[in-house]
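K.L.:
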Amino acid sequence: MISHIRYFFVLPFSLFLVSCDSKEMESLLERQDYYKRNIETYAERVEKAKRKLDELKEEVVEASENAAPSIASIKSRETTLAEMRESINQLAGIEAVMKEKASLLEAYRNAFIVKTLPVGTNLGDITLTNGTQMKGVVVRENLDGGVKLAHSGGFSDLNYALLPEPIRNNYSIRPLKDYLDIDIFSVIGRKPSFIMSDEEHRSNVERKIVALESQRSEDAARREAERQERMEKEREARLKAEAEEELKSRRLADYRAKANAYDAQLSQLYNGLDVQEARKSEVLENASRGSIRIAASDLQKLVAPYDQKILELRAQIAKLQREKASLPPP
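Using my numbering, you'd call the opening residue of the sequence shown number 341 and step up by one each time.
1) At which residues does the alpha helix (DSSP H) containing Lys-659 begin and terminate?
2) Quick one: what does DSSP say Gly-486 is sitting in, helix, strand or coil?
3) Is Arg-480 helix, strand or coil by DSSP?
4) Can you give me the start and stop residues for the beta strand (DSSP E) that Ile-466 sits inside?
5) From Pro-504 to Arg-449, what does the alpha carbon distance come to, in whole angstroms?
6) Using 8 angstroms for Cβ pairs, my map puts Lys-681 next to Leu-667. What's the rounded Cβ distance?
7) Does the segment 621 to 629 come within contact of the segment 652 to 662, defined as at least 3 CB pairs closer than 8 angstroms?
8) Please determine if the segment 454 to 467 and the segment 475 to 490 are in contact, where contact requires at least 3 C-beta pairs separated by less than 8 angstroms.
9) Which term fits Met-474, buried or exposed, when burial requires 16 or more other beta carbons within 10 angstroms of its beta carbon?
10) Of the choices Arg-547, Ser-637 and Thr-456, whose alpha-carbon is the least far from that of Arg-508?
11) Taking only the alpha-carbon atoms, compute the straight-line gap between Val-643 and Pro-670 and give it to the nearest angstrom.
12) Do you know how far the Cα of Tyr-595 is from the Cα of Ala-581?
13) Relative to the alpha-carbon of Leu-482, which residue among Leu-639, Ser-496 and Gly-471 has its alpha-carbon at the smallest distance?
14) How far does the beta strand (DSSP E) with Leu-498 in it extend, from its first residue to its last?
15) Whose C-beta lies closer than 8 angstroms to the C-beta of Leu-651 among residues of the same chain, with five residues either side of it excluded?
16) In its own chain, which residues sit with a C-beta less than 6 angstroms from the C-beta of Arg-385, not counting the 5 before and 5 after it?
17) Decide if Gln-616 is buried, meaning its Cβ has at least 16 other Cβ atoms within 10 Å, or exposed.
18) Would you report the Cα separation of Leu-653 and Tyr-602, rounded to the nearest angstrom?
19) Between His-491 and the rest of its own chain, which residues show a CB-CB distance below 7 angstroms, the 5 nearest in sequence each way excluded?
20) Going by Cα to Cα distance, which pick from Ser-404, Lys-620 and Lys-664 is closest to Gln-648?
21) Among Ile-634, Ile-379 and Tyr-646, which one has its Cα closest to the Cα of Ala-618?
22) Taking 7 angstroms as the threshold (C-beta atoms), are Gly-486 and Asn-499 in contact?
23) Below 7 angstroms between beta carbons: does that hold for Leu-502 and Leu-468?
24) Buried or exposed for Leu-552, going by 16 or more other Cβ atoms inside 10 Å?
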């Protein structure tokens with residue numbers, strides 16, 4: 341390709357050199373070299389681009405080969421997920437049947453009537469299903485799953501299955517307790533979330549939302565009740581403090597009233613005491629001024645009424661002071 345291009349430029353320029361001067365020839369040669377270099381550069385770039393394209397094609401082929409297992413795995417996974425969804429849908433149908441059967445079983449349990457032979461029933465001579473013969477058989481006690489029989493040979497606890505069919509038909513056997521204790525609804529409710537249907541997931545979310553709202557309401561109600569209780573206690577404490585303060589005030593007022601009453605009585609008694617002492621002093625002074633000397637015995641008789649009154653007043657004062665001192669503090 342490059343040789344053809346060179347030929348294309350060399351031939352015209354060789355013919356042109358005959359008719360052009362040296363400067364024009366030099367200019368044309370420079371331009372020829374310039375184009376020649378550009379052509380060579382473009383040729384190199386084209387070659388590099390071709391090699392890069394080949395490399396990219398090889399990488400695409402290799403990537404396709406490497407991606408094949410992943411693509412197959414993705415398809416297999418999608419198939420598995422589709423099968424799981426189908427299984428979950430089938431499981432929901434099975435659970436519905438189980439719930440229906442469980443409801444029927446619960447109804448049967450509630451309607452079941454235990455049937456036994458009365459204690460004391462005479463069965464006579466019987467032959468058990470295992471061939472054992474018993475004479476003079478009498479029902480002594482009905483057991484769980486069997487019966488106690490008295491016979492000529494003593495006592496025997498027998499399972500219902502050993503009784504002859506005519507006698508066994510008089511008993512109705514309740515299903516095993518272990519089987520009856522299975523809660524189908526609880527078992528279904530504990531299944532893992534990854535096998536739940538979309539409807540069950542939605543129901544679980546709704547139940548959780550309802551439970552959360554209920555819990556929030558309960559918490560709010562509890563906080564409100566605690567607040568009301570706290571306010572009530574504070575009110576009771578405030579009323580109690582006010583009542584105690586009022587009681588204290590009443591006690592203080594009562595104490596002051598009683599103390600004032602004692603003080604008033606004591607004041608009157610002290611005044612009376614001063615009066616009697618003044619009168620006694622007056623009598624003694626008058627007796628000492630007279631021209632006739634009065635004997636001590638007679639003088640004692642003159643002041644005796646005052647002394648008696650003074651003693652009485654002092655006794656009353658002492659009594660009132662004791663009573664005032666004995667008043668309970670407020």
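The beta-carbon is built from N, C-alpha and C at its ideal position, and this holds for glycine as well.
P.N.:
Walking through what the data contain:
1) Counted from its first residue, the sequence shown places residue 659 at position 319. Going by DSSP, Lys-659 is part of the alpha helix (DSSP H) stretching over 636 to 665.
2) Within the sequence shown, residue 486 is the residue found at index 146, counting from 1. Looking at Gly-486 - three-state DSSP - the assignment turns out to be strand.
3) One-based indexing of the sequence shown puts residue 480 at position 140. Here Arg-480 sits in strand by DSSP.
4) The residue you call residue 466 lines up with position 126 of the sequence shown. Counted as a single uninterrupted DSSP element, the beta strand (DSSP E) harbouring Ile-466 occupies residues 462 to 467.
5) In the sequence shown, counting from the first residue as 1, residue 504 sits at position 164. In the sequence shown, counting from the first residue as 1, residue 449 sits at position 109. The alpha-carbon of Pro-504 is positioned some 26 angstroms away from that of Arg-449.
6) Absent from the model: residue 681. The displayed extent of the chain is 341 to 670, so no value can be given.
7) The answer is no - the segment 652 to 662 does not touch the segment 621 to 629, with fewer than three Cβ pairs under 8 angstroms.
8) Per the Cβ contact rule, the segment 454 to 467 is in contact with the segment 475 to 490 (3 or more Cβ pairs under 8 angstroms).
9) Position 134 of the sequence shown holds residue 474. Buried.
10) As a first step, residue 508 must be located in the sequence shown, where it is residue number 168. Taking only the C-alpha atoms, the option nearest Arg-508 is Thr-456.
11) As a first step, residue 643 is located in the sequence shown; it is residue number 303 there, counting from the start. As a first step, residue 670 is located in the sequence shown; it is residue number 330 there, counting from the start. Between Val-643 and Pro-670, the C-alpha separation is close to 44 angstroms.
12) Walking along the sequence shown from the start, residue 581 turns up at place 241. Walking along the sequence shown from the start, residue 595 turns up at place 255. Across the structure, Ala-581 and Tyr-595 are spaced so that their CA atoms are roughly 20 angstroms apart.
13) As a working note, residue 482 is residue 142 in the sequence shown. A small fix is needed here, since residue 482 is Asn in this sequence, not Leu. The shortest C-alpha to C-alpha distance from Asn-482 to any of Leu-639, Ser-496 and Gly-471 is the one to Ser-496.
14) For this step, residue 498 is matched to residue 158 along the sequence shown. Boundaries of the beta strand (DSSP E) around Leu-498: 494 to 499.
15) Taking the first residue of the sequence shown as 1, we reach residue 651 at position 311. The answer is none, since no qualifying residue turns up.
16) Here residue 385 is taken as the residue at index 45 of the sequence shown, counted from 1. Nothing listed; no residue qualifies.
17) Counted from its first residue, the sequence shown places residue 616 at position 276. Looking at its Cβ environment, which holds 16 or more other Cβ atoms inside 10 Å, Gln-616 is buried.
18) The count along the sequence shown starts at 1 and reaches residue 653 at position 313. The count along the sequence shown starts at 1 and reaches residue 602 at position 262. Across the structure, Leu-653 and Tyr-602 are spaced so that their CA atoms are roughly 14 angstroms apart.
19) As a position in the sequence shown, residue 491 is number 151, starting the count at 1. Correct list, in chain order: Met-474, Lys-475, Gly-476 and Val-477.
20) Counted from its first residue, the sequence shown places residue 648 at position 308. Cα-wise, what sits closest to Gln-648 is Lys-620.
21) Here residue 618 is taken as the residue at index 278 of the sequence shown, counted from 1. Per the C-alpha coordinates, the member of Ile-634, Ile-379 and Tyr-646 positioned closest to Ala-618 is Tyr-646.
22) The residue labelled residue 499 in the question sits at position 159 within the sequence shown. The residue labelled residue 486 in the question sits at position 146 within the sequence shown. Closer than 7 angstroms, so yes.
23) Translated into positions along the sequence shown, residue 502 becomes position 162. Translated into positions along the sequence shown, residue 468 becomes position 128. In contact: Leu-502 and Leu-468 (Cβ atoms closer than 7 angstroms).
24) Within the sequence shown, numbered from 1, the residue matching residue 552 stands at position 212. Leu-552 comes out exposed.
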